[in-house]
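**Student:** Basically the numbering used here = 1-based index in the sequence shown + 46.
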Amino acid sequence: MTPIPADPLAKSSISQFGVALREGKSTCEQATKAYLDRISALNLRLEAYVHVDDERALSMAAGLDRMLKGGTDLGPLMGVPVAIKDLLTVEGMPTRGGSRMNIEDIIQPEGRFIKGLKRAGCIILGKTRCTEFAAGAHNVSHPTPWNPTDLKVHKTPGGSSNGSAVAQAAGLCAFAIGSDTGGSVRLPASLCSLFGYKSSTKLWPLDGVLPLCPDMDSLGLFTNSAADAALVYSVLSDVPLPLTGKSPEGITLGVPARHFFENLHPIVQVCTDKAMSRLSAAGMRLVPVEMPEAEESVEIFAHLVPSDLIATLGRERFLAERDKIEPVVTDRLSHALDLSAESYVMMRRRLEELSRIGTERLQGLDGCISPTTPLLPVPVDECKSTADAVAFIARSLQNTRPGNIYDFCAATLPVSHLHGEKDPVGFQIHCAHGRDSHLLSLCMEIEQLLGRPDKPDMSRWR
Numbered sequence: 047m048t049p050i051p052a053d054p055l056a057k058s059s060i061s062q063f064g065v066a067l068r069e070g071k072s073t074c075e076q077a078t079k080a081y082l083d084r085i086s087a088l089n090l091r092l093e094a095y096v097h098v099d100d101e102r103a104l105s106m107a108a109g110l111d112r113m114l115k116g117g118t119d120l121g122p123l124m125g126v127p128v129a130i131k132d133l134l135t136v137e138g139m140p141t142r143g144g145s146r147m148n149i150e151d152i153i154q155p156e157g158r159f160i161k162g163l164k165r166a167g168c169i170i171l172g173k174t175r176c177t178e179f180a181a182g183a184h185n186v187s188h189p190t191p192w193n194p195t196d197l198k199v200h201k202t203p204g205g206s207s208n209g210s211a212v213a214q215a216a217g218l219c220a221f222a223i224g225s226d227t228g229g230s231v232r233l234p235a236s237l238c239s240l241f242g243y244k245s246s247t248k249l250w251p252l253d254g255v256l257p258l259c260p261d262m263d264s265l266g267l268f269t270n271s272a273a274d275a276a277l278v279y280s281v282l283s284d285v286p287l288p289l290t291g292k293s294p295e296g297i298t299l300g301v302p303a304r305h306f307f308e309n310l311h312p313i314v315q316v317c318t319d320k321a322m323s324r325l326s327a328a329g330m331r332l333v334p335v336e337m338p339e340a341e342e343s344v345e346i347f348a349h350l351v352p353s354d355l356i357a358t359l360g361r362e363r364f365l366a367e368r369d370k371i372e373p374v375v376t377d378r379l380s381h382a383l384d385l386s387a388e389s390y391v392m393m394r395r396r397l398e399e400l401s402r403i404g405t406e407r408l409q410g411l412d413g414c415i416s417p418t419t420p421l422l423p424v425p426v427d428e429c430k431s432t433a434d435a436v437a438f439i440a441r442s443l444q445n446t447r448p449g450n451i452y453d454f455c456a457a458t459l460p461v462s463h464l465h466g467e468k469d470p471v472g473f474q475i476h477c478a479h480g481r482d483s484h485l486l487s488l489c490m491e492i493e494q495l496l497g498r499p500d501k502p503d504m505s506r507w508r
């Protein structure tokens with residue numbers, strides 16, 4: 047059996063990779079080929095990618111090597127191989143939005159975000175699987191990528207950006223792109239033991255992205271560390287590094303009294319408690335904060351989000367082709383068919399109010415902390431029925447959806463290693479809209495205090 051090449055960034059950061067590249071210790075082509083070889087060896091079982099373009103990726107890598115050798119340096123992301131969620135258009139690659147329907151007529155041309163990645167010198171390896179139309183955290187009739195945190199039992203990685211999370215966790219890219227409307231970056235990042243970053247809405251342009259709910263859609267990152275995410279953010283947002291922050295003694299974090307700490311798995315509870323204890327011991331102040339509107343996320347996601355998706359697809363198309371759509375998604379969209387125009391407008395107005403209220407709730411705080419999800423990954427066999435999948439989705443997104451209705455930016459860090467646990471647990475940080483630099487600076491400080499777990503060893507897994 048041919049050995050699987052090592053993940054070029056398993057033991058190093060994107061910044062360190064850049065140093066090695068410029069010192070001649072590595073090349074763009076070597077790193078790209080290593081990731082493509084890993085994809086070839088592992089993706090058949092992982093099912094993280096739905097499209098891989100070896101030829102184009104290697105050609106771009108060779109071209110970047112020639113540019114670098116000739117003295118042209120595109121910056122810190124030059125030569126970094128990346129995976130893209132199949133919700134974003136990449137010229138020359140198919141975009142299906144995780145669906146079996148023909149939706150070519152609503153797919154937009156490649157947008158500014160992807161063009162920005164290319165200008166920065168990123169090498170796009172391919173497109174990653176997502177739940178259909180990104181509408182939920184699990185599908186029952188579509189393949190579910192294998193969560194690399196358990197190589198013996200096929201467990202759910204969450205969603206909707208499940209392929210990007212699995213690709214990053216298994217070392218099939220240097221970083222991965224996802225989208226987050228209700229937790230679609232943070233949930234799979236948590237369940238796959240990764241750093242996940244959900245940007246503020248409108249920070250990064252959404253042209254070229256299949257919309258789910260335009261008022262709450264945002265793009266996000268899956269990385270090995272907060273520092274890697276901060277580097278990518280700085281390049282794509284034109285924000286200079288370093289992101290300056292406060293010392294631990296000057297940081298005050300809110301801990302919600304309700305909703306976010308309810309119905310936690312015991313392992314999630316103990317890992318969260320240990321994380322908070324470490325932050326307190328380092329000098330951070332943890333204070334109660336009230337966020338009573340969090341429970342409104344249930345109603346908004348039951349009606350407003352599916353109504354927006356029906357508007358994107360077209361009501362007639364949905365009714366005519368609903369048998370082609372995944373049962374969990376069909377069930378969700380069907381509930382929105384009878385939403386009145388008055389109710390829809392009222393919900394959108396309420397979202398505007400909640401954005402203002404969210405900023406007020408975090409007034410005087412550096413952020414708000416909680417478990418990312420109450421759950422651990424569950425075996426895929428436990429989510430085979432539509433009812434089971436719907437129940438899993440509702441509970442798994444309990445703590446992420448409020449951040450979207452409050453219009454926060456947010457991130458999740460892995461913390462299961464604090465209790466010696468194999469099962470992944472995520473620790474969520476919310477910051478007010480537009481405070482993305484502050485959020486990532488805060489996450490780097492917290493990551494320094496909490497440490498990071500090792501990535502799974504995929505070398506003997508086929």
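We put the CB at the ideal spot given by N, CA and C, even for glycine.
1) Report buried or exposed for His-349, applying the criterion of at least 16 other Cβ atoms within 10 angstroms of its Cβ.
2) For the region 174-193 and the region 270-289, state whether three or more C-beta atom pairs, one from each stretch, are separated by less than 8 angstroms.
3) Any contact of the region 471-490 with the region 500-508, i.e. 3+ C-beta pairs under 8 angstroms?
4) Between Asn-450 and Ala-440, what straight-line distance do the alpha-carbon atoms span, to the nearest angstrom?
5) In whole angstroms, what separates the C-alpha of Thr-202 from that of Gly-116?
6) Which term fits Ala-52, buried or exposed, when burial requires 16 or more other beta carbons within 10 angstroms of its beta carbon?
7) Within 10 Å of its beta-carbon, does Asn-309 have 16 or more other beta-carbons around it, so buried, or fewer, so exposed?
8) Return the chain-ordered list of same chain residues with a C-beta closer than 7 angstroms to the C-beta of Ser-326, the five sequence neighbours on each side being excluded.
9) DSSP on Thr-405, reduced to helix/strand/coil?
10) So within the region 184-215, which uninterrupted alpha helix (DSSP H) runs reach at least 4 residues, ignoring any that extend past its ends?
11) Decide if the region 65-83 is in contact with the region 287-306; the criterion is three or more beta carbon pairs, one per stretch, under 8 angstroms apart.
12) Closer than 8 angstroms is the cut-off here; do at least three beta carbon pairs connect the region 265-276 with the region 372-382?
13) Out of Leu-495, Ala-457, Asp-469, Ala-213, which one is the CA nearest neighbour of Val-231?
14) What is the DSSP secondary structure of Val-471, reduced to helix, strand or coil?
15) Quick check on this structure: which residue in Pro-302, Arg-506, Asp-354, Met-139 has the alpha carbon closest to the alpha carbon of Met-337?
16) Of all the options Thr-405, Glu-398, Gly-472, Leu-496, which has the alpha carbon lying nearest to the alpha carbon of Pro-423?
17) Give me the residue from Pro-127, Phe-241, Ala-220, Gln-315 with the minimum Cα distance to Ala-108.
18) Does the beta-carbon of Thr-118 have 16 or more other beta-carbons within 10 angstroms, so that it is buried, or is it exposed?
19) Could you tell me whether the Cβ atoms of Ser-239 and Thr-195 are closer together than 7 angstroms?
20) Determine, using beta carbons only, whether Ala-166 and Gly-121 come nearer to each other than 7 angstroms.
21) Please report the distance separating the alpha-carbon of Asp-369 from that of Trp-507.
22) Where do the N-terminal and C-terminal ends of the beta strand (DSSP E) with Arg-331 fall, by residue?
23) Once DSSP output is grouped into helix, strand and coil, what is the label at Ser-483?
24) Taking 8 angstroms as the cut-off, does the region 429-444 touch the region 463-471 (at least 3 CB pairs, one atom from each stretch)?
25) Note down the Cα distance separating Arg-395 from Phe-454, rounded to an integer number of angstroms.
26) Where do the ends of the alpha helix (DSSP H) carrying Leu-218 lie?
**Tutor:** According to the structure data:
1) On the sequence shown, residue 349 is found 303 positions in, with the first residue counted as 1. Buried: at least 16 other Cβ atoms inside 10 Å.
2) Verdict: no, contact absent.
3) By the Cβ rule, the region 471-490 does not count as touching the region 500-508, because fewer than three pairs are nearer than 8 angstroms.
4) Against the sequence shown, residue 450 aligns to sequence position 404. Against the sequence shown, residue 440 aligns to sequence position 394. Whole-angstrom Cα-Cα distance: 15 angstroms.
5) On the sequence shown, residue 202 is found 156 positions in, with the first residue counted as 1. On the sequence shown, residue 116 is found 70 positions in, with the first residue counted as 1. Near 46 angstroms, if we compare the C-alpha coordinates of Gly-116 and Thr-202.
6) Taking the first residue of the sequence shown as 1, we reach residue 52 at position 6. That one is exposed.
7) Numbered from its first residue, the sequence shown carries residue 309 at position 263. The residue is exposed, with fewer than 16 neighbouring Cβ atoms inside 10 Å.
8) Taking the sequence shown and counting its residues from 1, the one referred to as residue 326 is at position 280. Excluding sequence positions up to five before and after Ser-326, its CB lies within less than 7 angstroms of the CB of Leu-332, all in the same chain and listed in chain order.
9) Against the sequence shown, residue 405 aligns to sequence position 359. In this structure, Thr-405 counts as helix in the three-state DSSP scheme.
10) If we require 4 residues or more, the alpha helix (DSSP H) runs fully inside the region 184-215 come out as 208-215.
11) Between the region 65-83 and the region 287-306 there are fewer than three inter-stretch CB-CB distances shorter than 8 angstroms, so the stretches are not counted as touching.
12) By the Cβ test, the region 265-276 is not in contact with the region 372-382, since fewer than three Cβ pairs between them sit closer than 8 angstroms.
13) Numbered from 1 along the sequence shown, position 185 holds the residue referred to as residue 231. Answer by Cα proximity: Ala-457.
14) As a first step, residue 471 is located in the sequence shown; it is residue number 425 there, counting from the start. Note: Val-471 maps to coil in three-state DSSP.
15) Taking the sequence shown and counting its residues from 1, the one referred to as residue 337 is at position 291. Considering only Pro-302, Arg-506, Asp-354, Met-139, the residue with the shortest C-alpha distance to Met-337 is Pro-302.
16) Indexing the sequence shown from 1 puts residue 423 at position 377. Ranked by how close their Cα comes to the Cα of Pro-423, the residues Thr-405, Glu-398, Gly-472, Leu-496 have Gly-472 in first place.
17) If you number the sequence shown from 1, residue 108 lands on position 62. The option with the nearest alpha carbon to Ala-108 is Pro-127.
18) Within the sequence shown, residue 118 is the residue found at index 72, counting from 1. With fewer than 16 Cβ atoms within 10 Å of its Cβ, Thr-118 is classed as exposed.
19) Here residue 239 corresponds to residue number 193 of the sequence shown, with the count starting at 1. Here residue 195 corresponds to residue number 149 of the sequence shown, with the count starting at 1. Their beta carbons are under 7 angstroms apart, which means Ser-239 touches Thr-195 by this criterion.
20) Position 120 of the sequence shown, counting from 1, holds the residue named residue 166. Position 75 of the sequence shown, counting from 1, holds the residue named residue 121. A distance below 7 angstroms separates the beta carbons of Ala-166 and Gly-121.
21) If you number the sequence shown from 1, residue 369 lands on position 323. If you number the sequence shown from 1, residue 507 lands on position 461. Going by the C-alpha atoms only, they are around 36 angstroms apart.
22) For the purposes of this step, residue 331 is taken as residue 285 along the sequence shown, with counting starting at 1. 331-335 is the extent of the beta strand (DSSP E) around Arg-331.
23) Numbered from 1 along the sequence shown, position 437 holds the residue referred to as residue 483. Look at Ser-483 here: in three-state DSSP terms it is helix.
24) No: the two stretches stay apart, fewer than three of their Cβ pairs being nearer than 8 angstroms.
25) Numbered from its first residue, the sequence shown carries residue 395 at position 349. Numbered from its first residue, the sequence shown carries residue 454 at position 408. The C-alpha of Phe-454 is placed about 17 angstroms away from the C-alpha of Arg-395.
26) What you label residue 218 is simply residue 172 of the sequence shown in a count that begins at 1. Neither: Leu-218 is in no alpha helix (DSSP H) and is coded neither H nor E.
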